[in-house]
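Colleague:
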Amino acid sequence: MYAESGGSRTEPRAKLFDLEQRVRHDLHGWLSTHLRSGAAGRRDAAFLGLDPSHPFEVHGARFAHRAGPDGNIEPQLLVSLLQQVPVPIDPADPAGGTMAFEGGCTIVADLWHRRIRYCIRKHVGSVDRLRRQQAFAARTAAATARLYFAGHPDDAGEPFAALHRGV
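Per my numbering, the very first residue in the sequence shown carries number -7; after that it's consecutive.
1) Under 8 Å: do the segment 80 to 89 and the segment 107 to 120 share three or more Cβ pairs, one atom per stretch?
2) Using a Cβ-Cβ cut-off of 8 Å (strictly less than) and excluding sequence neighbours within five positions of residue 19, which residues of its own chain qualify?
3) Starting from the C-beta of residue 12, find all residues in its chain whose C-beta is less than 6 Å away, skip the five residues before and the five after it, and write them out in chain order.
4) If you draw a straight line from the C-alpha of residue 7 to the C-alpha of residue 37, how long is it?
5) Rounded to whole angstroms, what's the CA-CA distance from residue 23 to residue 56? Just pull it up for me.
6) Starting from the C-beta of residue 63, find all residues in its chain whose C-beta is less than 8 Å away, skip the five residues before and the five after it, and write them out in chain order.
7) What distance in whole Å lies between the Cβ atoms of residue 75 and residue 48, which are believed to be in contact at a cut-off of 8 Å?
8) In three-state DSSP terms, what is residue 29?
9) Determine which residues share a DSSP beta bridge with residue 102 and list them.
10) Apart from the five residues on each side of it in sequence, which residues of its chain come closer than 6 Å, Cβ to Cβ, to residue 129?
11) If you draw a straight line from the C-alpha of residue 133 to the C-alpha of residue 125, how long is it?
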């Protein structure tokens, strides 16, 4: 199926868009059920970088026809799954501000051989990545607070602000 319009052997872009939207919807429904069902679902959720107890989005699903190393056309399905989990910025202060911790994957599926060729993932359950992102968010929040809510610009070490204050 091709996206170009015109010609007797091509699908119009609107039909292709509708097909990909239906694939995203159907894939989401199937995955939502599968990932919550038993050991196989939990294992597949871990493989995809998802936490089955939180909602996820099938962000993209599109078809591609690629030339293989032997020159033959290889039909593929490219799928992007995205999950956002709200977590506290400061683990020591769960009642404080929160941030969205994102994970998920991009899958390249070989439709001819019915297998996953690649799965590039960032696991939403990665504790190390979560800690690094929380530390970054805390530094960013502190810098923003100093920028907007610091007292005298000289105290905050902001020479640019002092310049515009007329000092």
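Cβ atoms here follow ideal geometry from the backbone N, Cα and C, with glycine treated the same way. These numbers were taken from a predicted model, which means no experiment stands behind them.
Modeller: Inspection of the coordinates gives the following:
1) no
2) 50, 53 and 71
3) 53 and 54
4) 31 Å
5) 21 Å
6) none
7) 4 Å
8) coil
9) 68 and 107
10) 81 and 91
11) 12 Å
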